[in-house]
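Asks: Quick one: this structure, given as C-alpha cells, is what I'll be asking you about.
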Amino acid sequence: MKSLKKLIAVVLTFALVFSAMAVGFAATPFTDVKDDAPYASAVARLYALNITNGNTDGTYGVDQPVTRAMMVVFVNRLSGYRNLAEMAKNDAPVFKDVPKNYWAVGDINLAAKLGLTHGVGNGKFNPEGKVTYAQALGFMLNALGYKNLSWPYGVVAKAQDLGLTVGLNLAYNDIVTRGDLALIMDKALDQQIVTSYDTNGNPVLGNKLISKVADVTRYLVVATPDVDSNVAEGKVLVQGIKDVNADGVITFKAATTINAGTVDFNKYLGKVVDVYSIKGGDPVSVDVVSIEKTLTAKTFQVVSSSVYSVYNDGAKVVDIDTPANVTVVYNGGITTLDKVTDKVYDGANVTLTDTNNDGKYDYAVITGAYKASVVVTADVKSTDKFLNVNGVYNSSYRIAGDPVKTVVVTGSVDKLTDIKNGDVVYYASTVDGSKITLFVVRDKVEGKITKVAYDGSTTIATIGGKDYEVSVDINDTENGYASVGQEGTFVLNKDGKIVGFIGKQATANYGVVVGWQLYTLDKKVKLLTADGKIDIYPTTVSREAYGSWDIVTYTVDSNNVVTAIKSPLGENDRLVKYIETTDENGYLSLQARNARYDKDTHIITIDGTNYYMKDNTVIFNEVWDENTQDYKYSVVKLSDVTSEYLLVAQAVVDQYGYVKAIYFVGDVKAEEDQTPTTHVYGVVTAVTKITVSDGTKYELSMLANGTQQTYTTKFDLTPMPDKGIAVVGLKDNVVTKFTSITRADVPDAKVDSYTAYGITLQDGTSFALSPNVTVVTKDSSGNYVLAQLGDLAQGTTVDLYKDSTGRIAVIVIK
Numbered sequence: 001m002k003s004l005k006k007l008i009a010v011v012l013t014f015a016l017v018f019s020a021m022a023v024g025f026a027a028t029p030f031t032d033v034k035d036d037a038p039y040a041s042a043v044a045r046l047y048a049l050n051i052t053n054g055n056t057d058g059t060y061g062v063d064q065p066v067t068r069a070m071m072v073v074f075v076n077r078l079s080g081y082r083n084l085a086e087m088a089k090n091d092a093p094v095f096k097d098v099p100k101n102y103w104a105v106g107d108i109n110l111a112a113k114l115g116l117t118h119g120v121g122n123g124k125f126n127p128e129g130k131v132t133y134a135q136a137l138g139f140m141l142n143a144l145g146y147k148n149l150s151w152p153y154g155v156v157a158k159a160q161d162l163g164l165t166v167g168l169n170l171a172y173n174d175i176v177t178r179g180d181l182a183l184i185m186d187k188a189l190d191q192q193i194v195t196s197y198d199t200n201g202n203p204v205l206g207n208k209l210i211s212k213v214a215d216v217t218r219y220l221v222v223a224t225p226d227v228d229s230n231v232a233e234g235k236v237l238v239q240g241i242k243d244v245n246a247d248g249v250i251t252f253k254a255a256t257t258i259n260a261g262t263v264d265f266n267k268y269l270g271k272v273v274d275v276y277s278i279k280g281g282d283p284v285s286v287d288v289v290s291i292e293k294t295l296t297a298k299t300f301q302v303v304s305s306s307v308y309s310v311y312n313d314g315a316k317v318v319d320i321d322t323p324a325n326v327t328v329v330y331n332g333g334i335t336t337l338d339k340v341t342d343k344v345y346d347g348a349n350v351t352l353t354d355t356n357n358d359g360k361y362d363y364a365v366i367t368g369a370y371k372a373s374v375v376v377t378a379d380v381k382s383t384d385k386f387l388n389v390n391g392v393y394n395s396s397y398r399i400a401g402d403p404v405k406t407v408v409v410t411g412s413v414d415k416l417t418d419i420k421n422g423d424v425v426y427y428a429s430t431v432d433g434s435k436i437t438l439f440v441v442r443d444k445v446e447g448k449i450t451k452v453a454y455d456g457s458t459t460i461a462t463i464g465g466k467d468y469e470v471s472v473d474i475n476d477t478e479n480g481y482a483s484v485g486q487e488g489t490f491v492l493n494k495d496g497k498i499v500g501f502i503g504k505q506a507t508a509n510y511g512v513v514v515g516w517q518l519y520t521l522d523k524k525v526k527l528l529t530a531d532g533k534i535d536i537y538p539t540t541v542s543r544e545a546y547g548s549w550d551i552v553t554y555t556v557d558s559n560n561v562v563t564a565i566k567s568p569l570g571e572n573d574r575l576v577k578y579i580e581t582t583d584e585n586g587y588l589s590l591q592a593r594n595a596r597y598d599k600d601t602h603i604i605t606i607d608g609t610n611y612y613m614k615d616n617t618v619i620f621n622e623v624w625d626e627n628t629q630d631y632k633y634s635v636v637k638l639s640d641v642t643s644e645y646l647l648v649a650q651a652v653v654d655q656y657g658y659v660k661a662i663y664f665v666g667d668v669k670a671e672e673d674q675t676p677t678t679h680v681y682g683v684v685t686a687v688t689k690i691t692v693s694d695g696t697k698y699e700l701s702m703l704a705n706g707t708q709q710t711y712t713t714k715f716d717l718t719p720m721p722d723k724g725i726a727v728v729g730l731k732d733n734v735v736t737k738f739t740s741i742t743r744a745d746v747p748d749a750k751v752d753s754y755t756a757y758g759i760t761l762q763d764g765t766s767f768a769l770s771p772n773v774t775v776v777t778k779d780s781s782g783n784y785v786l787a788q789l790g791d792l793a794q795g796t797t798v799d800l801y802k803d804s805t806g807r808i809a810v811i812v813i814k
C-alpha cells in the first residue's frame, strides 16, 4: 500500500524541466522600497501576509534600526498571534518600563507569557533598545521552536544552517535594520516548525511557519491564461483534492479557477502543489510536491497507451492514459496528446506527469518543439507576415496575420524587428498556430576553411584551427558539403554546427585622413582606418585634394608605405559631404551637415533625403575630448549610434541610398540622464586613471561614511577628480559628478563637546552632524586617515564641512 507521503505526482522529464519565472511578488506601497532592492521581494510578501503595514509616513523604514518592541510585534505576527496580542493589551503590563498605553504593550505582554522573551532583567523589557543580529536570529529561532542553543554562536550557526542568514553579512553584535530583518523573516516563513524533540534530542519538524499566517490548499495546476485563452487574466485553472484511496490514488474535484495572486503558475503546469494564500485572500507562494526525474528525449513515439524513446534503447518509457485524455501544453498552448504525437520533434523538452498517482501519465508539458531551423535572408520588418528564407517570404513561417496572435522571441534578440539577415531562427507554434515561438541564434565564425573531413556521414570543416560540423550543403560545387578555401562568414546554429555561408564580400579599404606631415625629409600621412586604428604611414602621395573630414580609399604596399590615396567612390556611388564656405578674407571653412537619425529603422535623413545605414556600414567618429583638449577618433558600431541629431562630415552612399561609409562629427550616443541620485561627502585619498577603448574613467579611494570606500566614475568625467575634500554625485553607484571643496565652512574651530547627533564649539555655536559624518586626521606623512568622534577631545582644533542640508558631513582634525 502506498503511504500518504507518496500521494504526489510523479514526473518523468525529457530534456530540461519546463522553465518559467520563479515566484515573485508585486511591488510594495512603500516609498523607500525600490523594486530592485535585495529586500524588495521579502518586504512585499510580508506586506501581502499582513505582517507589516510600514510606517505612517508611507515608508517601510528599511534603514531604521529594529527595536525590541518592533521585534516581538513581528514575531507575534509571524506566529499568527496578532489577535492574541490585541487581547493581551488589556492585561496589566508584565514589565515595569512598558506603560499601559505603550503602542506595543499587548505584543510585549503576549511574548512574555509565551516565553519568547524574559526581558533584560530587573523587571524591565527595554522596549526602545536596539536589536542585534544575533538577537534577531534568536527571536526567529524561538518562533520556529528551536530551544537550548548556545549564545551567540550556537544561535548564529543554527540560523545559518537553516538559510536565514543568506544575503546578509553582519557581525553578531551589529544592529539589525528593518531591511535586514525582512530578509530574515521571509526566509523563516519557509522553514518547518519544531513540534517536539525525539529521545535523541533531534527536532521533530511539522508544518512551515508560513502556514501560521496563510491558508494552505493542495491543487493540480491545469491551465493559465498564457496557455488557454478561456482562463481569464489573473486567474489559474486548478483541481482540488477530493479523495485519496488506500493505494494513494487521488480523485480530483471538478476544475475551477482561483486568483493567481503574485504567483507565476506557468511554472507549475501539470504539477500537484501546495498553494499558500493570504487568509481568505490570494496566493503568495507555492510548494511543489511532485517528484521529478529527467532524461533527454529523442524520436518521441506514442504506441497505443505507451511512450517510447530511442534514449531508452527503444523500450517503453511510461504508460499513459488514452492519448485523447492526456492534457498537453504544447509550445505554450493547451491541447491533447493525440493532436501532437507527430509534432514532438527531436530535441523538444517533454515533461510527463502522473497527476493522480495511478501509474498512468495523464499530463504533459512540451516546449521547444521547433519544427525547423532556418537561416533568414532578410531583416524582419514590422510589416512582414512571414520570415524570408532563401530569398522568399515563406508562408510556412508565418509571424503575423490570422491565426497568429502572439509571437515570443527569445535567444540572441527579444524583438521580431531585431532579427537580421543571416540569423538562425528556430520556429515553433501551437497546434492552432495562434502562438509562435522563435529562438534566434546570432552565432557566426569568420575565416577560411583550411581542411574538410568526411567520414561517410558527417562533414567536418576546420576554420581558424577549430573544427565545425557542417549540417547543410554550403558549397556551390558538387564537391561535398564544404570545400577547402571557402572564405567568409559561416553561420552557426544553437548546437554550434554550420548551417549557412555568406561569401566574403569585397569591401572598400576605407579610411579618414587625420593629418599630413609634408615638411620633413619623409612625407607621412595619419590615417584612421576602418578597423578603428590610427597609424602614421610613410607615403609617396602628395596632399593634393584630400584633408581633414575626407573619407578615402588607400593602398599600402609590403613595406607599409601608403602608395595611393583615392576617392572613396565606386561605380554608381555618390558622396554626401560637408559645406564649404569662404569668408571675406578668402579663408576656407568646413561645416558639417545636420542630420536626423532613427535608431530603430537605421534611417538617416540629410537635407531631406533618406539614407539607409546597415550593420556593415563603416562609421567613423570624431569627438572633442575635454580632458586631453584634443580630438579623439574612433570607428563605432551601428548599435553605438543612438542620438537623434547628428553632424555628418561625409557619407559614401550607393545608387540605392545605402550608406557604405560615414563620418560623424561629435558624440553619436544619445545623452543619458547623469543627474546624481545620491551625494557622498568625504576625503579623496587616491585617484587612479583607467583608460580603455570606450574612454577614460577614474577610480577614487575615498574616506566617506566613516569608512574606506572605492568609487568609479563615468567615462570622460569633467572636471577631472583630484585628491582632497570633495563631494561625489552617484547614479547607480557610478560617480557622475565631482566637486572639490577647497574651503571649510567652519575653519579652525575649537571643540567644546559632541554627541552622536551634534557638535558644540567653544564659541557657543552648535551644528547638527550628518548620520554619515566622516572624521579624518593626517598621519605623520601628511596623508589623510580615518579618525572617530571619540578623538574630538575638548579644545581640539577642527575644520568643519557641511553637506547640502547644512549638517556637518566632514570633520578634519588639525
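In our numbering, the protein residues as written are 1 to 814. Virtual Cβ for every residue (Gly too), placed ideally from N, Cα, C.
1. Over what stretch of residues does the alpha helix (DSSP H) that includes F767 continue unbroken?
2. Note the first and the last residue of the continuous alpha helix (DSSP H) segment covering L46.
3. Can you give me the start and stop residues for the alpha helix (DSSP H) that E86 sits inside?
4. Give the range of the alpha helix (DSSP H) segment to which L183 is assigned.
5. Between the alpha carbons of T710 and D35, how many angstroms are there, rounded?
6. How is the beta strand (DSSP E) around G515 delimited, first residue to last?
7. Under the DSSP definition of a beta bridge, which residues are partnered with S277?
8. I want to see whether chain D comes within less than 8 Å of T430, judged by CB atoms only; does it?
9. Which first and last residues belong to the alpha helix (DSSP H) in which K614 is found?
10. What are the start and end residues of the beta strand (DSSP E) that includes R574?
11. Buried or exposed, going by whether 16 or more other CB atoms sit within 10 Å of the CB of K743?
12. Do you know whose CA, among D473, D495, T335, lies nearest S429's CA?
13. Check whether the Cβ atoms of R218 and N126 lie closer than 8 Å to each other.
14. When you compare the CB positions of L730 and T685, do they come within less than 8 Å of one another, or not?
15. Give the secondary structure of T417 by DSSP, where H, G and I count as helix, E and B as strand, and everything else as coil.
16. Where does the unbroken beta strand (DSSP E) through R398 begin, and where does it stop?
17. Between the alpha carbons of D287 and I436, how many angstroms are there, rounded?
18. Could you compute how far the alpha carbon of T539 sits from the alpha carbon of T555?
19. For G281, which residues in the same chain have their Cβ closer than 6 Å to its Cβ, ignoring the five residues on either side in sequence?
20. Could you tell me the alpha carbon to alpha carbon distance between V652 and I551, rounded to whole angstroms?
21. In three-state terms, what does DSSP make of R596?
22. Enumerate, from N- to C-terminal direction, the unbroken beta strand (DSSP E) stretches of 3 or more residues contained entirely within the stretch 703-742.
23. Enumerate in chain order the residues of its own chain whose CB-to-CB distance from T321 is below 8 Å, with the five nearest sequence positions on each side excluded.
24. Give the C-beta separation of D107 and V73 to the nearest angstrom, bearing in mind that I take them to be a contact with Cβ-Cβ under 8 Å.
25. Evaluate W103 with the Cβ neighbour count: other Cβ atoms within 10 Å of its Cβ, from every protein chain shown; 16 or more gives buried, anything less gives exposed.
26. Locate the alpha helix (DSSP H) running through Q192, then write down its first and last residues.
27. Going by DSSP in three states, I808 sits in which element: helix, strand or coil?
28. Hey, could you find the ends of the beta strand (DSSP E) L205 is sitting in?
29. Where does the unbroken alpha helix (DSSP H) through L162 begin, and where does it stop?
30. Can you tell me whether A223 is buried or exposed? The criterion is at least 16 other CB atoms within 10 Å of its CB, across all chains shown.
31. For T351, which option in T377, L269, D379 has the closest C-alpha, if you only look at C-alpha atoms?
32. Pick out whichever of Q64, D180, N90 has its Cα sitting closest to the Cα of G129.
33. What did DSSP end up calling Q135 once you bin it into helix, strand or coil?
34. Using the rule of at least 16 other Cβ atoms within 10 Å of the residue's Cβ for burial, across every protein chain shown, is A188 buried or exposed?
35. How close, in whole Å, do the beta carbons of V499 and L492 come, if the pair is a contact with beta carbons under 8 Å?
36. Spell out the partners DSSP gives D467 in its beta bridges.
Replies: For this structure:
1. Judged by DSSP secondary structure, F767 falls outside any alpha helix (DSSP H) and instead within the beta strand (DSSP E) spanning 766-778.
2. Start and end: 40-48.
3. Judged by DSSP secondary structure, E86 falls within the alpha helix (DSSP H) whose first and last residues are 82-88.
4. Per DSSP, L183 is one residue of the alpha helix (DSSP H) stretching across 178-189.
5. Cα to Cα, T710 sits roughly 25 Å from D35.
6. 510-517 is the extent of the beta strand (DSSP E) around G515.
7. DSSP, once it has assigned bridges, lists D215, P283 as partnering S277.
8. Reference to chain D is not applicable here, since this structure consists of a single protein chain.
9. No residue range can be given for K614, since it is assigned to no alpha helix (DSSP H) and is classified by DSSP as neither H nor E.
10. Under the DSSP assignment, R574 falls in the beta strand (DSSP E) whose first and last residues are 574-577.
11. Checking the displayed sequence, the identity of residue 743 turns out to be Arg instead of Lys. Around the C-beta of R743, fewer than 16 other C-beta atoms lie within 10 Å, and the residue is accordingly described as exposed.
12. Among D473, D495, T335, the Cα nearest to that of S429 is on T335.
13. Cβ atoms of R218 and N126: not closer than 8 Å.
14. In this structure, T685 does not lie closer than 8 Å to L730 by Cβ.
15. In the three-state scheme derived from DSSP, where H, G and I count as helix and E and B as strand, T417 is classed as helix.
16. Bounds of the beta strand (DSSP E) holding R398 are 392-398.
17. Distance between the alpha carbons of D287 and I436: 30 Å.
18. Answer to the nearest angstrom: the Cα atoms are 10 Å apart.
19. Excluding the 5 residues flanking it on each side, G281 has no same chain C-beta neighbour closer than 6 Å.
20. A direct Cα-to-Cα measurement between V652 and I551 gives close to 8 Å.
21. R596: strand per DSSP, three-state reduction.
22. Complete beta strand (DSSP E) runs here, min 3: 707-713, 724-731, 734-740.
23. Position check: residue 321 holds Asp in this sequence, whereas Thr was assumed. So the qualifying residues of the chain are S305, K360, Y361, D362.
24. Contact between D107 and V73 is confirmed by a C-beta separation of about 5 Å, below the 8 Å threshold.
25. By the 10 Å Cβ count, W103 comes out exposed.
26. Where Q192 is concerned, there is no enclosing alpha helix (DSSP H), although the beta strand (DSSP E) it sits in stretches over 192-197.
27. In the structure shown, I808 adopts extended strand secondary structure according to DSSP, grouped into three states.
28. It spans 203-208 - the beta strand (DSSP E) in which L205 sits, taken as one unbroken run.
29. Looking at the DSSP string, L162 is not in any alpha helix (DSSP H), and its letter there is neither H nor E.
30. Burial call: buried.
31. Considering only T377, L269, D379, the residue with the shortest C-alpha distance to T351 is L269.
32. Ranking the options by Cα distance to G129, first place goes to Q64.
33. The DSSP-derived three-state label of Q135 is helix.
34. By the neighbour-count definition (other C-beta atoms within 10 Å, threshold 16), A188 is a buried residue.
35. Beta-carbon to beta-carbon, V499 and L492 are separated by about 7 Å, close enough to satisfy the 8 Å threshold.
36. Within the DSSP bridge table, the entry for D467 names T462 as partners.
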